[in-house]
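The sequence shown maps to residues -26 to -1, 1 to 556 in mature numbering (1 follows the signal peptide of the UniProt record, and there is no 0).
What follows is a set of notes on a single structure, which appears directly below.
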Amino acid sequence: MNPQSRHSLSGLLAVCLLTLSAMAQAGPPQDRYIVVLNADAGMPEAVAADVARRTSGRVGYVYGTALRGFSITMPRAALAGLARDPRVAYVEEDIPVRAFGQEVPTGVRRMFADQAALAIDGLDDYRVDADVAVLDTGIDRQHPDLNVVGGANCLNSTGGGPPWKRSYFCDDTRDGDDDHYHGTHVAGTIGALDNGIGVVGVAPGARLWAVKVLDAQGSGSLAGIIAGIDWVAARGGIEVINMSLGGSGSSTAMDNAIRNAVDGGVTVVVAAGNEDDDAANHTPANSPDAITVSALADFDGAAGGYGAPTCRPDQDDTLADFSNWGATVDIAAPGVCIRSTYPLERGGYGTISGTSMASPHVAGAAALLASQGDTPQAIRDTLLGKGNFNWTDDSGDGVLEPLLDIGDPVFAPVFVTAGGGGSDTNAPPTAAFTSACAGLGCDFDGRGSSDSDGSIVTHAWDFGDGATASGPTASHTYATDGTYTVSLTVTDDGGASGTVQHDVTVASGGGGELLTSSQNNGSTWTAMVETADGSGLTGTWSYSGGTEGCSGSACTLGGIRKKVSSVEFTSGTGTTVTVFKP
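Written as structure tokens, this is what we have:
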């Protein structure tokens, strides 16, 4: 089938595939941006607050691991000035993204997983010793066929009004439960339990992390996906990410986030997309460090092309008629009429099609190799090197990618026992963290925390001044100088917790030189002082009308009458500067 004849199936695709795939809602306004910072720019939290103040913007997500930067909603007119900011590496527009649409399922059989050393016997006596993050609509955490150990909801927001007027963050104190179905289906293909009910996944019993980045309609944003990657990278210990989602175009920020996650030891697997288009036109399918997966139509779990269509029309053992294709695709896997887990309120199991269903087959195979301690590069090499070519690529792109095949003994995973045979006592986790402070701002890193007999699922911070946060890493800016007792409490997958406390001392003006500026507002003017590194400060304004205290990433005094030619600012460390009328 050539590309022209494949496009003639677009009507069928609209009726069948797209009713199964979550479609994007109306896109966000065109003034939503992702800002990536230079390495010496200072703390992302402080820079984001400063940029928001300067541009009358609203900060969305703040990134500190996979990327250093933030997302922001601001007037388009401020874009040129922001791009010239010496702290900024680059800025790009945010874009909408969407989800791409016990028996041993046909897809698992076709990869020869039932012939691999997986000991599929329906007893749930062993589980694959690997952690996989599913960045999607969430996972049904009550499903008896899934081993969900934790996660985060990256759609939490502060503020009111429409979405682009809110600030967003990933909250691991709230689970990423699935209010759609897409993420639960993906999770089952990766790691459904070998427990004698429902279906079995490619990596049975692998520990699943529900990172909710798509809403109940299967829609999200590029900024939110990057926030999910950043959460996984910051947490540590998760070996594989699956992203069965995407949007049109390319994104340097997405590429860099994936690259940094891979460099940190995380294998990233993504769906090629369902547009019957060159995958090079879609992100994250075109990210060079991700493993991009196209979809095979397979109806009988066997080679040969003899399977009769079941849930939708297509030709057995060929590239699915909806699948994206091209040189950026790395590997193919079954993606048509795939049976897997569904949220319990939707019946527990369901059959759907899409490259979204192909990608988790590869993510599950990556988990088998990750359980052995393989690096992301070694995992990529093995997946591509062990694939077979017993299928027909009728896309017309001239590239025949290998078909996932895990029948080789090299895929034999490392198992952990599932229940019984061990102590009934759950040892509490050990909390540990480091801190680094500049001025009034501090960065905290709790990734050194550990659990001897399980996994840490939540990190809760108390900064000692009434403020709190969650996540393996955190940043906080104090309002005043002083010494504060910071607490980190970690909780494991068995419900046990451990706490550690350390004191931190902060002092304003830590950025050294104070920078001044002023702005003409017509009948009045505004004075501003900030530190050279954006670390924040506290102090007092003095002017003819009296005094006024201030603290934050910058200190601003507005509404000054034109007859006042200057005002003074004295920092908490005793440094005094004069700001003159513009």
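The beta-carbon is built from N, C-alpha and C at its ideal position, and this holds for glycine as well.
Because the structure is a prediction, the values reported are computed rather than measured.
Check                                                                                                                                                                : Outcome
Between which two residues does the alpha helix (DSSP H) containing Val160 stretch?                                                                                  : 156 to 165
Could you give the residue range of the alpha helix (DSSP H) that holds Pro334?                                                                                      : 329 to 344
Please report the residue range of the alpha helix (DSSP H) in which Asp355 lies.                                                                                    : 350 to 359
CA-CA distance, Trp205 and Phe273?                                                                                                                                   : 37 Å
Looking at Arg32: is its Cβ nearer than 8 Å to the Cβ of Thr47?                                                                                                      : yes
Hey, quick one: how far does the beta strand (DSSP E) through Pro70 stretch, first residue to last?                                                                  : 70 to 73
Taking the straight line between their C-alpha atoms, what separation do you get for Asn400 and Val474?                                                              : 19 Å
May I ask you to report which of helix, strand or coil DSSP gives Val373?                                                                                            : coil
According to the Cβ coordinates, are Phe143 and Tyr7 closer than 8 Å?                                                                                                : no
Between which two residues does the beta strand (DSSP E) containing Met502 stretch?                                                                                  : 498 to 505
Measuring alpha carbon to alpha carbon, tell me which of Trp435, His335, Thr479 ends up nearest Pro178.                                                              : His335
Return the residue from the list Ala57, Ser45, Arg83, Val62 that minimises the CA-CA distance to Ile69.                                                              : Ser45
Report the rounded CA-to-CA distance for Asn130 versus Ala73, giving the unit in angstroms.                                                                          : 19 Å
Is Ser261 near Val240, with beta carbons less than 8 Å apart?                                                                                                        : no
To the nearest angstrom, how far is the alpha carbon of Val21 from that of Leu511?                                                                                   : 13 Å
Sort out for me which residues DSSP pairs Ile305 with in a bridge.                                                                                                   : Val267
Secondary structure at Thr29, three-state DSSP: helix, strand or coil?                                                                                               : helix
Among Val551, Val102, Val185, whose alpha-carbon lies nearest the alpha-carbon of Gly165?                                                                            : Val102
Trp365 lies in the alpha helix (DSSP H); which residues open and close that run?                                                                                     : Where Trp365 is concerned, there is no enclosing alpha helix (DSSP H), given that its DSSP letter is neither H nor E.
Which same chain residues end up closer than 7 Å to Leu318 when comparing Cβ atoms and leaving out the 5 residues on each side of it in sequence?                    : Asp114, Gln116, His117
Output needed for Met(-26): all residues of its chain with C-beta closer than 6 Å, excluding positions within five of it in sequence on either side, in chain order. : Note that Met(-26) scores a pLDDT of 39, beneath 50, so its modelled location is shaky; the value from the coordinates is reported in the next line. Cβ within range, chain order: Asp368.
Spatial neighbours of Ile430 within its chain, please: CB distance less than 6 Å, with the 5 preceding and 5 following residues excluded, ordered by chain position. : Pro403, Ser423, Val464, Asp466
Residues in its own chain within less than 6 Å of Ala453 by CB, not counting five upstream and five downstream?                                                      : Ser525
Please return the same chain residues whose Cβ sits closer than 6 Å to the Cβ of Cys285, not counting the five positions on each side in sequence.                   : Cys311, Thr325
How is Gly175 classed by DSSP in three states: helix, strand or coil?                                                                                                : coil
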